[in-house]
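Heads up: the sequence shown at position 90 corresponds to 133 in our numbering, and the numbers run straight through without jumps.
This report refers to the structure that appears directly beneath it.
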Amino acid sequence: MTYLQGVVLGIVQGLTEFLPISSSGHLILVPYLFGWPDQGLAVDAVMHLGTLAALIVYFRRELVGIVTGDVSRRLGVLLVAATVPGAIAGVLFGKVVET
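In structure tokens, the structure reads:
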């Protein structure tokens, strides 16, 4: 992957992550449309980690407030409750989705 390809894919990831359509699908579609080789799962994972890092930086004050208890405890409980079903589905159906 060239530097330009990485930049383009990073921009695509950043713009499409929060849309109600698959950013992972875009990371597959863009190289296909440009005739680039498949970047592989590792690049997709790194793109998602970059998104996570950006979110942590952006919401750092809110996250610190949740961890230290300065913000309503209810928000932390709701965040955990919203995460658990996705984690369970990932564990149960991860192999099915991969195939």
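Where is the CB? At the ideal position from N, CA and C, for every residue including glycine.
From a predicted model like this one, the values you see are computed outputs, not experimental measurements.
Counting along the chain, the unbroken alpha helix (DSSP H) around P74 starts and ends at 66-77. A direct Cα-Cα distance of roughly 16 Å separates H91 from V73.
If you look at T94, you'll find it in the alpha helix (DSSP H) that goes 83-101.
Per DSSP, V114 lies in no alpha helix (DSSP H) and is assigned neither H nor E. Where T59 is concerned, the enclosing alpha helix (DSSP H) starts and stops at 46-59. Within the same chain, no Cβ atom closer than 6 Å to the Cβ of A96 is found once the five residues on either side in sequence are excluded.
Our two residues, G119 and V127, have alpha carbons roughly 13 Å apart in a direct line. The region 47-54 makes contact with the region 69-84, as at least three CB pairs between them are under 8 Å. In this structure, V55 lies near H69, with their beta-carbon atoms less than 8 Å apart.
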